[in-house]
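Protein chains: 2
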Amino acid sequence: MANEQALTKALILDTAEQVFRRFGPDKTSVVDIAKVLQVSHGTLYRHFASKAALREAVTERWLNVSIAQPLQEIADRTDVQATERLRIWFDALISAKRKYALEDPEMFAMYTAVTLDAAEMIQFHVQGLIQQIAGIIEEGIQAQELKAGSPGAIANGIFMATSRFHHPAHASEWRVQAVDTDFADVWHVLLGGIQL
Amino acid sequence: MANEQALTKALILDTAEQVFRRFGPDKTSVVDIAKVLQVSHGTLYRHFASKAALREAVTERWLNVSIAQPLQEIADRTDVQATERLRIWFDALISAKRKYALEDPEMFAMYTAVTLDAAEMIQFHVQGLIQQIAGIIEEGIQAQELKAGSPGAIANGIFMATSRFHHPAHASEWRVQAVDTDFADVWHVLLGGIQL
């Protein structure tokens, strides 16, 4: 249906995401995606230089829409204090990751693979999340709710310290019941480290 | 060389470790190991029920000798206070993991695979490490150097919070230079959470 003029980035990404889900990212070729778009693979290559680039772009969009944007809304809330907002933020991050690992395994597997292959894009995504946390922490310091310190370093510390609960390399451990006790133990020490 | 009488567990594990290293755990068969031991594979199966059991036993011994025992010596030191001993303990754990990931990739790959397959053995190993930390923390609480609390829960919290730096699923990230800054940020928040 698509002609070259209608071939927007959004249409390519929508189609690529569908095809990746249907065939799996390993078995999908650029030709498969071009076929569904009814364009030549040469045309598609003018927009994305490789299958890896397409896979990365689809994952990047998914991370923004499914993870970063909903978390930004929590970070921006003005109705809850910093400490409680941090907890809501981490609970949302962790439950989103667990939900997608279980309910959207195709996309989650692609995201896990991209985490290893597209270090720069993932680094950018993670930095965005850490900035959200840093914003909450800065407000908490100003409100004399949290200990003084560098909001960026504190945010980086608590993000890295909770990796076990949101980094895709640990997805197989999220089904074990002990994971909730483990998070409670981690959170207790972290809170003690940041609260005034 | 070996006859059935001389076929000790240590000899089997020494030989299995050598053969796993030489051929890689995937390509090694129980028959390969039996051949080097000059026993029938039936004889070997009387000691270990499967290749998976052999692989698990070799990894378990390696974890004890290379990780748990040297760390126990640090945990038992009486010449340094709890806070400093905790840092020495974690530095030793993290540098041992990094060293083996780089310098003994065959054994490290086997350990990474076993981490997914032999959850019970790994769980037992991890619980042993957490008990070592809990011992240090208990002494620190008694010395009024650390905040009061459950030593086991605090130890579990700081072990889980440092997963990014010692869990084999993160080995590919240990080569990035930012990992040392990340650990410093995590350690700073954790120390703030446990020190009196």
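Note that the protein sequences, when read in sequence, are chains R and C. According to the UniProt record's numbering, the first sequence is numbered sequentially starting from 1. According to the UniProt record's numbering, the second sequence is numbered sequentially starting from 1. Glycine residues also receive a C-beta, built at the ideal position from the N, C-alpha and C atoms. These figures come from a predicted structure and were not determined experimentally.
Notebook entry, point to check: With 16 other CB atoms within 10 Å as the buried threshold, where does Phe-124 (chain R) fall?
Noted result: exposed
Checklist line | Beta-carbon proximity list for Gly-193 (chain R), same chain, < 7 angstroms, skipping 5 on both sides | finding: none
Note to self: Please tell me whether Val-58 (chain R) has its Cβ less than 8 angstroms away from any Cβ of chain C.
What the structure shows: no
Next item on the list: Report buried or exposed for Leu-190 (chain R), applying the criterion of at least 16 other Cβ atoms within 10 angstroms of its Cβ.
Entry: buried
Check: Taking one C-beta from the segment 159-179 of chain C and one from the segment 4-13 of chain C each time, how about it: are there three or more such pairs within less than 8 angstroms?
Finding: no
Item checked: DSSP three-state assignment for Leu-146 (chain R), whether helix, strand or coil -> strand
Next item on the list: List the residues that DSSP assigns as beta-bridge partners of Gln-69 (chain R).
Entry: Partner(s): none; Gln-69 (chain R) has no beta bridge.
Notebook entry, point to check: Any beta-carbon of chain R closer than 8 angstroms to the one on Ser-40 (chain C)?
Noted result: no
Checklist line | For Ile-136 (chain C) and Arg-87 (chain C), believed in contact at Cβ under 8 angstroms, the rounded distance | finding: About 10 angstroms separates the two Cβ atoms, so there is no contact after all.
Check: So is His-166 (chain R) in contact with chain C if we call contact Cβ pairs under 8 angstroms?
Finding: no
Next item on the list: Please compile the residues from chain R whose C-beta is within a distance smaller than 8 angstroms of the C-beta of Lys-147 (chain C).
Entry: Gly-192
Item checked: Start and end residues, alpha helix (DSSP H) containing Thr-28 (chain C) -> Per DSSP, Thr-28 (chain C) belongs to no alpha helix (DSSP H) and is neither H nor E.
Check: If you draw a straight line from the C-alpha of Arg-133 (chain R) to the C-alpha of Arg-55 (chain C), how long is it?
Finding: Correcting the residue identity first, residue 133 (chain R) is Ile in this sequence and not Arg. Cα to Cα, Ile-133 (chain R) sits roughly 43 angstroms from Arg-55 (chain C).
Margin query: Can you give me the C-alpha to C-alpha distance between Thr-15 (chain C) and Thr-112 (chain R), rounded to a whole angstrom?
Written below: 36 angstroms
Check: Under a CB-based cut-off of 8 angstroms, is Ala-161 (chain C) close to chain R?
Finding: yes
Check: Comparing alpha-carbon positions, which option in R:Ala-148, R:Asn-156 and R:Gly-128 lies nearest Gln-69 (chain R)?
Finding: R:Gly-128
Check: Taking the DSSP output, what are the residues bridged to Gln-18 (chain C)?
Finding: For Gln-18 (chain C), which the question treats as bridged, DSSP gives no partner whatsoever.
Next item on the list: Put Gln-81 (chain C) into one of helix, strand or coil per three-state DSSP.
Entry: coil
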